[in-house]
Structures are given as structure tokens and as C-alpha cells.
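As C-alpha cells, the structure follows; a few thoughts come after it.
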Amino acid sequence: MSEQKRLFLVDAYALIFRGYYAFIKNPRINSKGQDTSAIMGFMNSLLDVIKRERPDHLAVCFDKGGSADRVEMYEAYKANRDETPEGITTAIPHIFEILKAMHIPIMVKEGYEADDVIGTLSRQAEKEGYKTYMVTPDKDFAQLVTENVFMYRPVFGGGYETWGIPEVQKKFEVKDPLQVIDFLGMMGDSSDNIPGLPGVGEKTAKKFIKQFGSMEGLLANTDQLKGKMKEKIEANGELGLLSKQLATIMLDVPVTFDAKDFELDHPDVERVKQIFQDLEFRRLTENFLKTFANNEETSTVESITHTTEAKTTSSKLKASAGAGQFSLFDSEGSNASKTETDSAFTRKTAETTSHFYQYIDTVTSKKLFIEKLLQQTSVCFDTETTGINPITAELVGIAFSWEAGKGFYLPFPEEKNEAQKLIEELRPFFESESIEKIGQNLKYDIKVLAKYNVEVKGKLFDTMLAHYLINPDMRHNMDVLAETYLNYTPISIETLIGKKGKNQLSMREVDLKEQTEYAVEDADITLQLKEHFQNELGEANTQKLFDEIEVPLLKVLADMELEGINLDKDFLYSLSGQLEKDIAELESKIYKEAGEEFNIASPKQLGVILFEKLKLVDKPKKTKTGQYSTSEDVLSYLAKDHKIIQNILDFRGLSKLKSTYVDALPSQVEETTGRVHTDYMQTVAATGRLSSNNPNLQNIPIRTERGRQVRKAFIPRSNDYTLLAADYSQIELRVIAALSKEETMIEAFNNGEDIHASTASKVFNIPINEVTREQRSNAKTVNFGIIYGVSAFGLSNQTNLNRTEAKELIDTYYATYPKLRNFISEQVDFARDNGYVQTVLGRRRYLKDINSRNAVVRGAAERNAVNAPIQGSAADIIKIAMINIHNKLNEGDFKTKMLLQVHDELVFDVYKPELETIKSLVKTEMENAYKLDVPLDVDLDIGDNWLEAH
DNA sequence: ACATGAACTTA
DNA sequence: GTAAGTTCATGTT
């Protein structure tokens, strides 16, 4: 069990300040009038670290006398820092006293800051083979991180996060933690009074680091900059270098790391108790006693962990039932060895049933386990990893369950080769065609395993997908499902790794017993959910949709996501520069026109300028929150009244373009693959469509000339490849024509007519070649309106027609296409009778509001009743095409890959020699994915980027 | 630090 | 009028 030794170095002042301000609203004052907030806050953190981590070595580091060197360099250094609050200065002697009583070494060195002391010690400890954890919230320390040196940051709301090299690379967007110095030097730090470069903030600093690598790199290449920025940086090179020096933590402080001195040994309990009593700390005393009592207990438990004898629970500390104590493989069905949940466990899950979860940590038990595993016909599994991004995540463990209430957890070693060896032993299971694999969101697990070169074969059952088909309007996360269908509350991941968001620990840091309880429970629950959903799929008549569409598609999506797409970052960088310039110009024009400077991006401030200062309109429209509405349609209506309006609209358009696409996309290129990997969500859209996020590649601009340029950045993987975009022409109108059996429209499609022009010709009763642009455009609007469930009101809003003209147009439209009108009322009637509507493949959408007495609510449900079968059927069709194409590409061993899906379009990276074959393959598969009474038509385009391929 | 609303992007 | 996702400002832990 002897891991590498771990040294914890605590940045005292940082934690004291943090503790002090945590209580600032409600300071702790004892009966003697002492403000003990700082002491309390600090001690809480310290005990917390000890309790969580059980360090073998620990020291607390203080500043003393400021940094003489730094003041010499820059006299303003830390000058504008506020005077230390009295509550802190008075706390220091007490803290010293407590630390002494606890036998914790205190490190101070006159003339050096704690950063420098910690930095120096970490380097010495590293040489002696220690892993060092720097306990501090201060981001500056990130520069010290190495393979063996970590930041251990307390986070708001409790808990800690560990920053190793990958975390630092991610947070600061640097390649090497040392670049954090350049980053801080460029952007400056007001609390340390590091000046930084003028005009450079976080974003620009990150950009520079990526572009030039360092401060020196930037200063040597200012010729690549433009405009004001160039001038400012060239003029301030000295300041930049000085800032970098100020930000650098020293590594040569005259202190010595002596392992023996730093060993964490037993505190003088009586003395500490006495001090705490004097300060009137009651909870803290308890906490302290528990922390150190706990320590003893832990070592006892560990010493018995590997015995096979089930041990009677003698202490409330042994909370994780079952795990670790196993009389395993002779235990099938034997209640005697089943560990009942005890009080400490039951408190989290009220209706917990007894369970039998075990982890596997010996060669023999592993051998037995794999033997048993391979005898099963159906197994639920769940991977636990270091993160939520499957491309970078590493396996921490895999849980398995094939019988309700029971399961096993196989932890994975951190070392890569060892992990690979272990997964190889599981390969026969994962690649077995005859063992069914069950899971919740299998796409994730499949992607993780793919990174270990393991393919998941055999029949699949994904409980998330199953539930999506059973009830698409609900949410499908496991916790909700367990509560709804099993009346069971699973252990939340938050109790393990801390609050959601950025504050999470890695699963790797969680105690093995807790990992087991959590992971196996997930597999167990998922297995039980499967039993439940299996029957419901049959009842909802969606078994086929599940087996033939959604489940096969999951693997297709996994492949597409792993593949990613190549992005021309440099192109976007230069685009960003142009946009920045244009935005700045618009900005100054707007300020001039408004007569003052304000935040144009703030609808609130903008509203005041437009409607109170410039009084552009008498009765300004308000939003539902009571603010002035400055939405696009309101503003374009005013564009003729004041030239500021057009500038504002342009400003908004360009800002959106820059922030959401031009600047965001390059930062989402995956470091390890050099490509952008979107995540397709298969279970969010109520109609059956996919959605895409991180980044969303389904809303890349195309309508405006400027926006469309972004598509030039999406490029083939190399010169041997080209992009192919294949899109269905008017698929939704074809679907509605086919479903309604409207002959007039079907005939137009059969004849290959321009459907909007054809509609205009019929509605306005003129020959098709005499249709004007405006007529075609109005016809187009109505055609789309039908798909969305028209109203005259909506239509008049979308066109230049007034309400009566709009009504008239709709009436004529229905007269032209009578069966469309029938189809619409049939859908609504069907929904009223059955409570749902469905697509060509039987995908259902339930409409609970269809019989609502509230006309607005009911109207919305009626529009859903019309739209869902159309949008959903189109989604069904392209899904079929994707599965078939994916199969064909695999069977034919093509180098060509399918990369993207954008609702009615598929994008491929085509290996040039395969181009002709692929073109016909794709067209055939898409057009014949599903047989309708209307031909499906697919347009193909190729190009050296996504814009050209259109 | 986190959630919400407004605005803007797509099919 | 349908279906989505991201960013920014803003107000609240």
C-alpha cells in the first residue's frame, strides 16, 4: 500500500484571509470580545485537509516582512493592498500557538513570501520523491505545478479541487504551467499590484500565450500586432518584463526540507483542547477530536481490509457496507454473508434495500470475477472516469451488475500501461457478441473504451434512450429515473466529488469503498431500470424504433464525435482581428450618436439611451420583465428613424459572431487530437431531432455574408481529403405532402419544381415563370408556416402582409391544397383522442395540454401536434440514412468518415480517391432511407471547406 | 460562483 | 407559428 509519500504545504495567510472573510457578515466574537473568525476559518480548513487527505507530511507557511527583492524591483509592489484587518493580526499569535500544540511545523523566512517558501520546498521535496500538494486558493501557485507538485484548492461551498498539469493547462490555456508566469505578467494582478501590460486582460493574455508562447515571444514579435494594441505593447516592453519578474515565485529561498521535521505526528491533545476552550470553540474542539480519533481508526480498518473474513461492524466509522470485506464467490444467494446497510449508510438513502457490492483488488478475485462475467448473457456496466470529456478521461474503475442488488467494482490503476493491461483482460467481455450490454448513456462509455482501443459489441440496451422513447418530454438522468420508477434515491455524485461545476474532485481521489458504493449502485439501478423499461417499450410500440434506430445510432454518433473535424484556427484568428476593428469603429460611432459612452451589449442601458434619452418612440415595447425591449424586430422597425439603430444592429451581429464563433471555436479544439469534437445529444429534442453542444455545430452562421465566412474554417483533414455536404432538399415539405397525400403538391415534387414558386403560382393563380420574388417569398413563408402550425397573426408578423391579407392568403392556400388542411385537423383530432401524435416510425410525442381550456395553451399544443410528426419524421429518416451510411463505410473499409449532422444535412471528410463512390453511396442511401409517396431529393456539394461545399 | 433572461445563431 | 444552444449582462449565494 506504500504509495508515494505526500507532502502538504499550507499557504497560511491565504487561508486565514479566506476564513476571515467567510465570516465577515457574521463575525465570531467570543465573550471576551475577541474576533475569532480568522482562527476558526483557518482551523476548519486545516482540519478538513487533514481529515480528507491524511497527509504523512505537512507544514504551514507564513510570509514575513514582505518581499524585499520585489519591493526593490518595483516600489509599488503590493503597496495598494489594504491594511491587514485587525481581526487577522490578532489571530496570528493564537494560530502559531495552536500549530505548535498540534506539532505541525511552521515555516517562515524573513524577507520572503509564503509563495517563495512553498515553491522552494516543493522543489526539494520533489527531488526526494515526494508528491507535494500546495494548499491555497491563490491562482499564482499554478506556475509551480509539475508532475509531482499539485495545487489543492479549497472551493466555495466546501470541497477541494486538485490542479495537476492538465488542470492548469486547461484553466490557463497554456501548454506548460510555467507559462502561467507569462500569463500573470501580461494581464497583471491588482491585488499584488503587478501592473501587467496596458490593455491586456485575461482574454488577450490567453490569446498571446497561444500565439507567442511567452512574454519575450510577444515582445519580439510585436510586428504581428496591429493598431493601438501594437503601439501600447511596444511602448511598454520594460513594464511587461518587470511584471513577469514580479509574478515569478522564487525557488531559491534559504530553507531546507527535512522529511523528519515535516512528519505529521500526534498532537498534544490536551494542550489544543485547552487553547480551544480559552477561545470558546466548541464545535471545533469536537471536530478536532474526531479528526484525530478518525486517524487512528482508519489505520485499523486498513490493516484488516484484505482479510476475507466478514467483520462485524464495531464502529460507526465503517460506513461503507460490504465493500472491501468479502467472502465473495461462495456467496451466491447467501444472506448470511450479505452485509446489511448500517445506520451511517441508510441516512443518505431512506428506502435503501440491502445490497452486496464488492470491489476487486486481488489477482485471484479478479480471475474468478472475469470467469463469472463471461458466463453471463446480459450484464449492466458503468465506467467511472477522471472527467466528463470522454476524449481526455481516464478510466478509474468499471462497475458490473447482473443481478439486482449485487455487483462488482473493478478499480483501474492510474499508470497507463497497467490500465491497458487490465482492460485487455476485459476485452473478451466487451467484444463478446453473445453478452448483452446494458447501460445508462452508453455512448459515453463506448467513447471512453474506444480510447483504450476496445469496441463494445453485442446487443445493447441503453436505459436513457429507452426512456427517451417512452417519455420524450421528461428528463432522462439516472437519478430522476431511479426516483420515478424504482422509488429509490441513489448516492449523488456530489456527495462524492463535491458540488457540480468546476469544483469537482476527480473520481480518482475518492476513497475506494465510496467509489464502489457509488459505481456499483449505478450499475445495479440501471439494471433494474432496464427490466422496467423493456416492457414499456413494447407497450408504447416503440421497440422497433429503439432496436433499429436509436441504439444503432448511438454507435454512429460515438464514431462521429470521436472523429471530430479539422479547424483552421489561423483563419479564425485573422477574422477575429478584422471583426475587432469593425466593432471598435461601430462602437465609437454609436457613442458619438448617443452623446455618451455606455455598454451597448446591455439591453438595459441601451433601452435607457434609446427610449429615455433619444426618445425614439412614444410607447416603447416592454419585455415580460418590464425592461424596454431592444430585440431585433423592434430595432429594425426603428432603423429608418435614427442612424444609431443600424449601427447597434451591426454591432450586435458582429459581437455575436466574434464571441460565439470566431473566438470560441479555436479554444474548443481538443489538444490531444487537434480537432473539434461536438457532443450530439440523442435525448433532448422532444421531436426526435439531435442536438449538438460543446460546441454547437448545428448553428454555424450561413445567412449573412460576414457570418458565412466562419464556415471557411471547417476544413478537410488533409490535402488528400475534401469535404462533402449532402442535404435533403425540402424534406419537411415533402414529408407533409406525403403524409397528407396532397396530390397537387406531390405532383410538383414529382416534376422537380421549385416548390415555393409552384405554391405561389397556384395560390396567386399565375404561370410559374411569372411569379415575382415577393410572391415566392410570401409563398415560402406560408409553406414554412404550415409546418409550424400557422396562424394569420403569426403570418402577418413574418411578412409585409396585414392580418386580413394574411388570413386571405392562408384561405387560398388551403383551397389550393385541401388535403393539407385535412391532415392538420386529423393530427389535432388524433392528439385529442390519444394524447399523443407520432412520426412515420411510431416515435411519439405526448401532448398533455391538447384538451386544455386555456386557448393559448391549447393552441400551442395543437401546433405541436402538427409540427412534431413532420419534424420528427424528417429526423427519423436522416437517422436511418446515417446508420446505413455508417454501415456501408465500415463494410467497404473506406477512409471517408461521416463528421457532422445538421438536421437535414450530413457532412463527410472524403478521401479523394473514393469521391465518386462516396457521392453515389451517400445520395443513394439518403434518398432511399425511407419510402414516402414523394421522392426524396439530396443535393451534394464538395469543397475545400464547409462554405465551398454548399 | 451560479442561475436567469435577452438576444442571436441554425434547421 | 416548430425545434435547439451559446454568450453576455445582471442579480443573487
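First residue of the first sequence? That's 47 in the numbering used here, and the numbers climb one at a time after it. Heads up, the beta-carbon is just placed ideally off N, CA and C, and yes, glycines get one too.
With DSSP as the reference, label residue i as helix, strand or coil.
i, result
"residue 424", "strand"
"residue 457", "strand"
"residue 66", "helix"
"residue 434", "coil"
"residue 361", "Caution applies to residue 361, whose pLDDT of 30 falls short of 50 and renders its modelled position unreliable; the value that the coordinates give is listed next. Residue 361 falls in the coil class under three-state DSSP."
"residue 349", "Residue confidence is low: residue 349 scores 30 on pLDDT, short of 50, so the model does not pin down where it sits. Its coordinate-derived value is still stated next. DSSP places residue 349 in helix when its eight states are reduced to three."
"residue 1011", "Given that the chain is displayed from residue 47 to residue 996, the structure contains no residue 1011 and the question cannot be resolved."
"residue 91", "helix"
"residue 324", "helix"
"residue 411", "helix"
"residue 295", "coil"
"residue 590", "helix"
"residue 827", "helix"
"residue 734", "coil"
"residue 507", "strand"
"residue 989", "strand"
"residue 374", "Because residue 374 carries a pLDDT of 39, less than 50, the predicted location of this residue cannot be relied on, and no value is offered for it."
"residue 258", "helix"
Assign residue i to one of two classes, buried (16 or more other C-beta atoms within 10 Å of its C-beta) or exposed (fewer than that).
i, result
"residue 328", "exposed"
"residue 749", "exposed"
"residue 199", "buried"
"residue 158", "buried"
"residue 822", "buried"
"residue 915", "buried"
"residue 73", "exposed"
"residue 772", "buried"
"residue 491", "buried"
"residue 221", "exposed"
"residue 788", "buried"
Starting from the Cα of residue i, find the closest Cα among the options and give me that residue.
i, options, result
"residue 319", "146, 261, 232 and 257", "146"
"residue 234", "294, 305, 209 and 883", "294"
"residue 262", "981, 284, 915 and 707", "284"
"residue 58", "921, 215, 184 and 823", "184"
"residue 297", "430, 187 and 149", "187"
"residue 153", "301, 87 and 869", "301"
"residue 742", "661, 755, 725 and 226", "725"
"residue 766", "884, 956 and 642", "956"
"residue 557", "100, 529 and 77", "100"
"residue 426", "908, 575 and 601", "575"
"residue 336", "585, 96, 511 and 134", "96"
"residue 131", "196, 65 and 191", "65"
"residue 744", "752, 751 and 727", "727"
"residue 94", "854, 201 and 912", "201"
"residue 489", "436, 529, 586 and 456", "436"
"residue 927", "890, 977, 962 and 960", "977"
Look at the Cβ atom of residue i, then the Cβ atom of residue j, and state whether they are nearer than 9 angstroms.
i, j, result
"residue 567", "residue 485", "no"
"residue 858", "residue 844", "no"
"residue 564", "residue 449", "no"
"residue 91", "residue 181", "yes"
"residue 756", "residue 700", "no"
"residue 69", "residue 89", "no"
"residue 62", "residue 134", "yes"
"residue 921", "residue 862", "no"
"residue 611", "residue 760", "yes"
"residue 206", "residue 194", "no"
Less than 8 angstroms separating the Cβ of residue i from some heavy atom of the ligand COA?
i, result
"residue 295", "Annotation note on the ligand COA: not contained in the displayed structure, which lists no ligands."
Query raised in the report: Looking at C-beta atoms only, is the number of pairs between the segment 726-737 and the segment 681-695 that lie closer than 8 angstroms three or more?
Result: At 8 angstroms Cβ cutoff, the stretches do not touch.
Query raised in the report: How about the segment 523-543 and the segment 419-427: do they share at least three Cβ pairs that are nearer than 8 angstroms?
Result: In this structure the segment 523-543 does not touch the segment 419-427; the number of beta carbon pairs closer than 8 angstroms is below three.
Query raised in the report: Three or more beta-carbon pairs under 8 angstroms between the segment 448-463 and the segment 527-545, yes or no?
Result: The segment 448-463 vs the segment 527-545: no contact.
Query raised in the report: So, do the segment 497-513 and the segment 595-610 have three or more beta carbon pairs nearer to each other than 8 angstroms?
Result: Using a Cβ-Cβ distance cut-off of 8 angstroms, the segment 497-513 and the segment 595-610 are in contact, since at least three pairs of beta carbons, one from each stretch, lie closer than that value.
Query raised in the report: At a cut of 8 angstroms, does the segment 693-706 reach the segment 642-655 through at least three beta carbon pairs?
Result: They touch, by the three-pair rule.
Query raised in the report: Does the count of Cβ pairs from the segment 797-814 and the segment 866-879 closer than 8 angstroms reach three?
Result: These segments do not touch.
Query raised in the report: Touching or not, the segment 613-622 and the segment 936-953, by the rule of three or more beta carbon pairs under 8 angstroms?
Result: No: the two stretches stay apart, fewer than three of their Cβ pairs being nearer than 8 angstroms.
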